[in-house]
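Chemist: For reference, the structure I am asking about is given below.
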Amino acid sequence: MVLTHTTNHTYSHPFPTVTLAYFLRYCSPKLNPFAAHVLSTDTIEQRVDPATGRLHTTRLHLKKSRLPPAVFKLLPVSITGGGAPDKASYVLETSVVDMREGWMTTESRNLNFVGVLSVVEKQTYTLPEASSPKTGGTTDVETSVVFKSRLGERIRDKLGEKAQQHVQEDGWLARFGSRGIQRTIESLASTKTQDQLGKSREGMSMILERLRHTGIIGVLEHRRAASAPTTK
């Protein structure tokens, strides 16, 4: 079963600034308090295609788990590993920027808990019509998030017919059914993601305003000062 959520938003900032803010949005929780759940960011690859001039970037983020607590409680310890729901998970991010044509595409997907819930977020940043990267004062973004849970199918496949009948009669799976579990997980994750998307836009807006007032040098200096070790 698959659930899709799509939103549209317009930033009142030019395209080059928005693309820069995208790459800086996780640089420091002091610059963007809505990114406090991001524990680390590593750039795996970054290159410019000599034929097209497009910037291709692959990054790996380590984040506090986005698996909703309500979903976590539905799952058996054999799947979650027990403990608290605030586990860390990796998110793979790929992006392509074309400054000449004025567009950027991004894709982020979770690498952990994919057997429970796969979340793929795709974004397309574009200039409004009749604008150019140099003169356009706003930037449009369409965000599409696809949720897919195969938990019920995996459990059903792993269980033999007799064991499956026993679980369906007496176990936790019987309370929901495989499709019911999938729908519940996807619905809960979708609700949480809608809230996260709003916070993500607020975080981007904070970085954009800092870039507007202090420029890239001011943001980088603030980032360096925030990450510097404190002395007693």
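Position 26 of the sequence shown, counting from 1, maps to 233 under the numbering used here, and the rest follow consecutively. Note that the Cβ used here is the ideal one computed from N, Cα and C, for glycine as well. None of the values given here were measured: they were computed from a predicted structure.
1) Suppose you measure from the CA of Ile-414 to the CA of Ala-295; what does that come to, to the nearest Å?
2) What do you get for Pro-240, buried or exposed, if any count of 16 or more other CB atoms within 10 angstroms of its CB means buried?
3) Tell me the rounded alpha-carbon separation between Ser-235 and Gln-253.
4) Helix, strand or coil: how does DSSP classify Asp-347 here?
5) Taking the alpha-carbon positions, what's the Glu-368 to Phe-320 distance?
6) Would you kindly work out how many angstroms separate the C-alpha atoms of Ser-407 and Pro-257, rounded to a whole number?
7) Under three-state DSSP, which class holds Phe-230?
8) Am I right that Val-426 and Leu-238 are in contact with their C-beta atoms under 8 Å? What's the rounded C-beta distance?
9) Apart from the five residues just before and just after Met-411, which ones in its own chain have a Cβ nearer than 6 Å to its Cβ?
10) In its own chain, which residues sit with a C-beta less than 6 Å from the C-beta of Val-255, not counting the 5 before and 5 after it?
11) Are the CB atoms of Glu-300 and Ser-315 within a distance shorter than 7 Å?
12) Would you mind working out which of Thr-264, Val-353, Ala-243 sits nearest Leu-210, comparing C-alpha positions?
13) Indicate whether Leu-463 and Gly-309 have their beta-carbon atoms separated by less than 7 Å.
14) What did DSSP end up calling Phe-320 once you bin it into helix, strand or coil?
15) Would you check if the distance between the CB atom of Gly-344 and the CB atom of Pro-221 is smaller than 7 Å?
16) Could you tell me the alpha carbon to alpha carbon distance between Ser-154 and Thr-264, rounded to whole angstroms?
17) With distance defined between alpha-carbon atoms, name the residue in Tyr-332, Val-323, Val-327, Lys-329 nearest to Arg-357.
18) In whole angstroms, what is the alpha-carbon distance linking His-429 and Thr-214?
19) Three-state secondary structure (DSSP) at His-263?
20) By how many angstroms is the C-alpha of Asp-305 removed from the C-alpha of Glu-409?
21) Compute the distance between the beta-carbons of Tyr-218 and Thr-346, then report whether it is under 7 Å.
Modeler: Short version:
1) 25 Å
2) exposed
3) 21 Å
4) strand
5) Since pLDDT at Glu-368 reaches only 47, below the 50 mark, its modelled position is unreliable, and the value read off the structure follows with that caveat. Taking the straight line from one Cα to the other gives about 25 Å.
6) 32 Å
7) helix
8) 7 Å
9) Ala-228, Arg-232
10) Leu-262
11) yes
12) Val-353
13) Residue 463 is absent from the structure shown; the chain starts at 208 and stops at 439.
14) coil
15) yes
16) Missing from the structure shown is residue 154; the chain here goes from 208 to 439 and no further.
17) Val-323
18) 31 Å
19) strand
20) 24 Å
21) yes
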